[in-house]
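When we follow the UniProt record's numbering, the leftmost residue of the sequence shown carries the number 41, and every step to the right adds one.
Here a beta-carbon is modelled for each residue, glycine too, at the ideal position from N, C-alpha and C.
Predicted, not measured: the structure shown is a model, and the values here were computed from it.
Structure first, commentary second.
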Amino acid sequence: ARAQYHEFVIKEAAVTRLCRKHSIMTVNGQFPGPAVEMSEGDSLIVRVINRGSYNVTVHWHGVRQMRTGWSDGPEYVTQCPIRPGRSYTYRFTVAGQEGTLWWHAHSSWLRATVHGALVVRPRAGVSAYPFNAGKPPAREIPILLGEWWDMNPIDVVRTATRTGAAPNISDALTVNGQPGDLYKCSSKDTATFPVKSGETNLLRFINAALNTELFVSLAGHTMTVVGADASYTKPYSTSVLMIAPGQTTDVLVTFDQPPGRYYLAARAYASAQGVPFDNSTTTAIFDYGATSSSRSSPAMPTLPAYNDTATATTFTTSLRGLRKAEMPSRVDENLFFTVGVGLFNCSRGAQSCGGPNNTRFAASINNVSFVLPSTVSILQAHYGGAQGVFTADFPANPPLQFDYTAQNVSRALWQPVPGTKVYRLKYGAAVQLVLQGTNIFAAENHPIHIHGYDFYILAEGFGNFNAATDTAKFNLDDPPMRNTVGVPVNGWAVIRFVADNPGVWLMHCHLDVHITWGLAMAFLVEDGVGELQSLEAPPPDLPLC
Ligand code: C2O
C-alpha cells in the first residue's frame, strides 16, 4: 500500500456553457475536478488550499474514514470550513472498499462545480476484479453526471434561503461537465469517448448532480452492472440505469455493435409529481466509427418517462451483493425515521415566506429540521466536551403516528422543529433503520446518504412500512451494500449497519435542496474500549470557525 500526495487548489476558472461565459469555482482550474486513482489500501494526503472567495470543505463521498472523522469534510459537522486564504490537509486510508467513489465540496452548493472521481482499484497481488476473468478491462472510463446553472449556484441557494421559495431548477444536465449536443451552443464540446470494436470497458458512473435523479442509457448496448457505491454486485444486465445523486454505478459494456457512434443519454427521474424539473436530455457519444462513414447522427437510446417509478424501482431492487452478507443477527438499535419535505409557517422567523401559501420550505427527519452549528463543528464540540452546540436527543421514532403516504396531512399536525440534534450510538451497536418517506408537501424518492458507513439494504417497498408483514421480505442473504439508498416515493427502505466507526456522521438526503431545507441528522458513535476503537486526535491544522 502506498501514500499519495495531492494538492487541490480551490480557485475560479472561466468556462463557457450554453453560449455564456462564467467564472466558476474549481479544483486546480479543472471542471470536473481531477480524478484521484488509487489501489485498495492506499492512503491519500490531500492539501486543500482555498484561493477562492467562499468558505469550502471537501468530502470524500463513501470513504469509510475509519477513526479519521476529521477528514470526512462536511462543514460544521466534522470541521469548520477552510476560509479563503487558508488550507487544510485531509489524511485517510481507503481500505476494504473497491470501485467508484467521488469527492465533492461540502459547503453550500459549491459541489455543483467542485467535484471529481475517486477510483479505487483492487490491490495488485491481494485482490482482483471479480469479473472479466480477474483482468482489468481494456479501458475504465469515469463518467460524471451533473447539473449546470446559468448563474452562480451559490446565488441560487442564497436566494432560495432568503425567500423561502424553491430554488431555480438547473439549466442543463451534463456529462463530464458538458451539456451535450441537444443544448444550444454545446454541440462541439459534447463529451466523446473513443472506444474499440469488440472491447469490453468498465464505465464508472457517478451522479454528481445536485438535485436530479437520472435514468441513463447507451444506445444499442446492454450494460452489465458489477458494482455500486464501491461494493461489488452480482452481474445484472439492463438497458437502463437509475442513479440518484451521491450514488455510483459500475457497468461493463462490450462494444459489439456495428462500428459507429452511439449516444449515451441521461434524463431526470422526477419522482415528485407536479413539481417543476429539468425535462431535458444530456448526451455524450461513444465512438467506434474509425471511418468517415460514421459521421451520420448517432443512434439515440430510448429513456423511460420522467415519472417511471416502476423502472426506477426495478433497477434498484434488482441489485444484489456479490458475496453473502456479513452482519450480526442481533439488532441493538431499532430505529424508525421519517424523511420528507414539509413547510414552516410564515410566523417562524422574520425572513420572507415565498413557499406555497405563505410558508417556507422545510424538510426533516422525524420532524426535526437539521440546523448546522456556526461557531464550532459538532465533532469538535463532542471531542472537546463543549456544551451548548448540539443535543443528543434526536428521537428514535417519529413524534406522531399517521399514514405517512397520505396526501394533505394537516400542516398544523406536522410542523418540523428546527434543531441540532444527534442520535448517540454505542460503539459496535448493530443498527437497523427503517426510512419511511412522508408526503406532507409532496412525496419524492429521497437518496439518503450516511457518512462514514456502508450499509446493507434489506428491503424496500411502497406504502407504510409494516413490521409485522414486511420483515419477512428482508434479504439477509445477499443484500446490496451501499452508502446512499433511494427511499422510494411514497415508500420505505430498511438498512442495517454496525456502528464500528467512532465519530460524528452526517446522514442526509443527497438532493442538495433538501439538505438546504434541513433533511439531515447526525449519528454520534461513541468510542469503544481500546485505541483501535477510538477516534484519533484532531490534526493541528484543523480549521477554526
Ligand atoms: Cu456526498 Cu454529505 O455527501
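- Gln427 sits exposed, since fewer than 16 C-beta atoms from the chains shown fall within 10 Å of its C-beta.
- Under DSSP, Glu253 forms a beta bridge with Tyr309.
- Leaving aside the five residues that flank Ile89 on each side, the residues in its chain whose CB is nearer than 6 Å to its CB run, in chain order, Val49, Ser127.
- The C-alpha of Ser337 lies about 25 Å from the C-alpha of Trp188.
- Relative to ligand 1, Gly139 has its C-beta separated by 7 Å or more from all heavy atoms.
- Using a Cβ-Cβ distance cut-off of 8 Å, the segment 110-120 and the segment 157-177 are not in contact, since fewer than three pairs of beta carbons, one from each stretch, lie closer than that value.
- If you draw a straight line from the Cα of Thr351 to the Cα of Ser358, it comes to about 11 Å.
- Counting every other CB atom within 10 Å of its CB across the protein chains shown gives Arg202 a total below 16, marking it as exposed.
- Between Glu571 and Tyr467 a beta carbon distance of about 13 Å is seen, past the 8 Å cut, so the two are scored as non-contacting.
- The beta carbon of Trp545 is closer than 7 Å to those of Ile490, His491, Gly492, Tyr493, Ala562, Phe563, Val565 in its chain, skipping five residues each way along the sequence.
- The closest heavy atom of ligand 1 lies less than 7 Å from the beta carbon of Gly286.
- Excluding its 5 nearest sequence neighbours in each direction, Arg244 has C-beta neighbours in its own chain below 6 Å: Thr140, Pro182, Asp290, listed in chain order.
- Annotated as distal: Leu551 and Pro458, with beta-carbon spacing of 8 Å or more.
- One thing to note: Thr240 has its Cβ no nearer than 8 Å to the Cβ of Val280.
- Contact between His155 and Leu185 is absent: CB atoms are separated by about 11 Å, not below the 8 Å threshold.
- Scanning its chain for C-beta atoms nearer than 6 Å, with the 5 sequence neighbours on each side dropped, one finds around Trp557 the residues Phe401, Ala402, Ala403, in chain order.
- Those residues having their beta-carbon less than 7 Å away from any non-hydrogen atom of ligand 1 are, in chain order, His99, His101, Pro114, His144, His146, Gly286, His489, His491, Leu546, His548, His550.
- Among the bridge pairs identified by DSSP, Thr378 is matched with Gln476.
- Per DSSP, the continuous alpha helix (DSSP H) segment holding Val196 begins and ends at 193-203.
- The beta-bridge partner set that DSSP reports for Ala403 consists of Val381.
- Annotated as proximal: Tyr328 and Ser237, with beta-carbon spacing under 8 Å.
- The C-beta distance from Thr431 to Asn406 rounds to 14 Å, too long to meet the 8 Å contact threshold.
- Contact between Arg360 and Pro219 does not hold, since the beta-carbon distance rounds to 35 Å and is not under 8 Å.
- DSSP, read as helix, strand or coil, puts Lys274 in strand.
- Under the DSSP definition of a beta bridge, Asn241 partners with Arg179, Val293.
- The DSSP-derived three-state label of Asp327 is strand.
- Leaving aside the five residues that flank Ala469 on each side, the residues in its chain whose CB is nearer than 6 Å to its CB run, in chain order, Asp372, Glu373, Ala539.
- Distance from the CA atom of Thr66 to the CA atom of Ala499, rounded to whole angstroms, is 39 Å.
- Nearest Cα to Gln455 within the set Pro439, Tyr463, Ser93, Arg464: Pro439.
- Here Val474 is actually not in contact with Leu465; their C-beta atoms are around 16 Å apart, not less than 8 Å.
- Counting the other Cβ atoms within 10 Å of the Cβ of Tyr94 gives 16 or more, which makes it buried.
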